[in-house]
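Trainee: The structure is given below, and queries will be raised subsequently.
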Amino acid sequence: MAVVDADADHVTLTRDGDTVSGSVDRVNVTLPPEALIVLTSTRSALPFDAEALTAGPVLRRCQLDGACTTPLALSGVVDTSVHELGVDGTAVRNGVRLGAAAVAAGIASGAVAEAATYAAGGHQFGGPITALPTVRASLFDQTARAAAALSAVLAADTRDTFAAAAALTCVCDAAVDVAAAAPQVHGGYGHLKEYPAEHHVRDAVSLRAAVDAAGIAVSEAARLVGMP
């Protein structure tokens, strides 16, 4: 099952009377989903089952653990004032955002853990890599940022839209920064596609783009000052 927000730039909904159809430019799953949930308001959502979904060609994206994306065409379904979720839709939306933030925190943690392991066993300039003060300082900074990212996710309240959006944007940015710094510890090997260090960079960048962290920041900033 995939979940998308009706307000997202890559989601288009068209209403013809009581019928809703449309398209989703990309769904970030390896296989086409068996169902799609479109969050349409704070307490409602529009479900599309497998029969209402037509997947387009599978596209290989930058990375995100080798996952592919596919566009979806949404066949018309009857909009009976949209299905009530029975739960707070804002909490659902915030939960999705925090879930993505948790993935970003995991990418950061994985990147710095592998960098620390490599540094502990590697040698350069006649001694262990960890003997270099700049390497130790870099590892400390990466570890601190990864820990802060995870703490931000765990501390966020799913009932607080701004907190969830802030956690997502800040943690995604931290993941990109940490993942980009980690290959420096590996030296030239860190930039080769065959090694995990380079994969973390692409994972972090791909995730930040997939969740549209920048767009969420813009919309929540406007909401913060009372703009629609």
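Residue numbering for the sequence shown follows my numbering, starting at 29 and increasing by one per position.
Even glycine gets a Cβ: it sits at the ideal position worked out from N, Cα and C.
Please read these numbers as outputs of a predicted model, since none were measured by experiment.
1. Provide the residue span of the alpha helix (DSSP H) that contains R257, from first to last.
2. Determine the contact status of A80 and M29, defining contact as a CB-CB distance below 8 Å.
3. Should A207 and E142 be called a contact, given that it needs their Cβ atoms to be closer than 8 Å?
4. Just list the residues that DSSP pairs H151 with in beta bridges.
5. Exposed or buried, what is T145 when buried is set at 16 or more other beta-carbons lying within 10 Å of its beta-carbon?
6. Can you check whether the CB of A191 is closer than 8 Å to the CB of A136?
7. Contact check, V55 vs V124 under 8 Å by CB: the rounded distance?
8. From the DSSP output, which residues share a beta bridge with G134?
9. By how many angstroms is the C-alpha of L252 removed from the C-alpha of A194?
10. What did DSSP end up calling T98 once you bin it into helix, strand or coil?
11. Tell me whether the beta-carbon of C200 lies closer than 8 Å to the beta-carbon of L235.
12. For the alpha helix (DSSP H) containing D44, name the first residue and the last one.
13. Decide if H214 is buried, meaning its Cβ has at least 16 other Cβ atoms within 10 Å, or exposed.
14. Sorry if obvious, but does the Cβ on E248 come closer than 7 Å to a heavy atom of the ligand ZN?
15. With a threshold of 16 other CB atoms inside 10 Å of the CB of T82, please say whether the residue is buried or exposed.
16. For T27, which three-state DSSP category applies?
17. In the DSSP assignment, find the beta strand (DSSP E) that holds D185 and state where it starts and stops.
18. Tell whether a beta-carbon distance below 8 Å holds between V48 and H38.
19. My guess is that Q170 and A210 are in contact by the Cβ rule of under 8 Å, so how many angstroms apart are they, rounded?
Mentor: In short, the structure shows the following:
1. As shown, the chain starts at 29 and ends at 256. That puts residue 257 outside it, with no answer to give.
2. To locate residue 80, count along the sequence shown from 1; it is residue 52. To locate residue 29, count along the sequence shown from 1; it is residue 1. Going by C-beta atoms, A80 is not nearer than 8 Å to M29.
3. Translated into the one-based positions of the sequence shown, residue 207 becomes position 179. Translated into the one-based positions of the sequence shown, residue 142 becomes position 114. Going by beta carbons, A207 and E142 fall outside the 8 Å limit.
4. Walking along the sequence shown from the start, residue 151 turns up at place 123. Assignment of beta-bridge partners to H151 by DSSP yields P156.
5. Indexing the sequence shown from 1 puts residue 145 at position 117. Under a 10 Å Cβ-count criterion, T145 is classified as exposed, with fewer than 16 other Cβ atoms of the shown protein chains found around its own Cβ.
6. Counting from one through the sequence shown, the residue named residue 136 turns up at place 108. Counting from one through the sequence shown, the residue named residue 191 turns up at place 163. At least 8 Å separates the beta-carbon of A136 from that of A191.
7. One-based indexing of the sequence shown puts residue 55 at position 27. One-based indexing of the sequence shown puts residue 124 at position 96. Approximately 13 Å separates the beta-carbon atoms of V55 and V124; this is outside 8 Å, ruling out the contact.
8. For the purposes of this step, residue 134 is identified with residue 106 of the sequence shown, where counting begins at 1. BP columns for G134 are empty, so no partner.
9. As a first step, residue 194 must be located in the sequence shown, where it is residue number 166. As a first step, residue 252 must be located in the sequence shown, where it is residue number 224. Roughly 12 Å between the two C-alpha positions.
10. Locating residue 98 in the sequence shown gives position 70, where the first residue counts as 1. DSSP places T98 in the strand class (E or B) of the three-state scheme.
11. By one-based count along the sequence shown, residue 200 stands at place 172. By one-based count along the sequence shown, residue 235 stands at place 207. In this structure, L235 lies closer than 8 Å to C200 by Cβ.
12. Sequence index remark: in the sequence shown, residue 44 carries index 16 (1-based). Under the DSSP assignment, D44 falls outside any alpha helix (DSSP H), being part of the beta strand (DSSP E) whose first and last residues are V39 to D44.
13. Residue 214 sits at position 186 when you count from the first residue of the sequence shown. By the neighbour-count rule (16 or more Cβ atoms within 10 Å), H214 is buried.
14. This structure lacks the ligand ZN; in fact it carries no ligand of any kind.
15. Residue mapping note: residue 82 aligns to position 54 of the sequence shown, counting from 1. Classification for T82: exposed.
16. Beyond the ends of the chain as shown, which are 29 and 256, falls residue 27; an answer cannot be given.
17. In the sequence shown, counting from the first residue as 1, residue 185 sits at position 157. Unbroken run through D185: none, as it is neither H nor E.
18. As a position in the sequence shown, residue 48 is number 20, starting the count at 1. As a position in the sequence shown, residue 38 is number 10, starting the count at 1. Inclusion of V48 and H38 in the CB contact set at 8 Å is not warranted, their separation being larger than that value.
19. Counted from its first residue, the sequence shown places residue 170 at position 142. Counted from its first residue, the sequence shown places residue 210 at position 182. The beta-carbon distance between Q170 and A210, rounded to whole angstroms, is 6 Å. This is short enough to meet the 8 Å contact definition.
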